Amino acid sequence: MPFDDFDHCVSILARLEADKRLRLFEVLAHNLTVAARMIGADGGMTPTEQVQSLNAVNECLHRATARIWVQRLQTHEWSDEDFLSLLRHTDESLHPNVQGAVHRAFHISVATVSA
């Protein structure tokens, strides 16, 4: 059920103050590295499947760090819907053994900044 709660995720981002939004993207980047480690440790995938999943999560990590840059410097508009769509699409493209890893990374990040 990865990102079945897409609209809820968008509303979470919309409600965050600027400093907490920035912190969310920073924590998300960290949590995506944890997701990558999980993929690397999964023994139920072939090496090719692991590389494909790692590349997909790496793209999310790249976008999360780019979002930090955009958020901090206000370089241009980047809608929450577009950002979360990327996360959702990536999560859905992962090997079934690790699907949901990006979704979990997002929600753990939300819980961290909301605590």
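Count along the sequence shown from 1, then add 2; that gives the number in our numbering.
Beta carbons: idealized from backbone N, C-alpha and C, even for Gly.
This one's a predicted model, so the numbers in the text were calculated from it and none came from an experiment.
Taking the Cα of Gly45 as reference, the smallest distance to any Cα among Glu83, Val100, Arg106, Ser81 is reached at Val100.
Ranking Asn57, Phe85, Val53 by CA distance to the CA of Ala68 puts Phe85 first. As for any alpha helix (DSSP H) of minimum length 4 sitting wholly inside the stretch 61-114, the runs are 82-95, ordered along the chain. The DSSP-derived three-state label of Ala31 is helix. The three-state reading of DSSP puts Asp44 in coil, since its state is none of H, G, I, E or B. In its chain, beyond the 5 residues on either side, Asp82 have a beta carbon closer than 6 Å to the beta carbon of Leu15.
Taking each of Cys62, Leu26, Glu51 in turn and checking the Cα distance to Ser87, the smallest one comes out for Cys62. Ala66 and Pro49 have their C-alpha atoms spaced approximately 25 Å apart. Per DSSP, Ala117 is not a residue of any alpha helix (DSSP H), being assigned neither H nor E. Cβ atoms of Leu89 and Val104 come within 8 Å of each other, at about 5 Å. Inclusion of His78 and Val72 in the CB contact set at 9 Å is warranted, their separation being smaller than that value.
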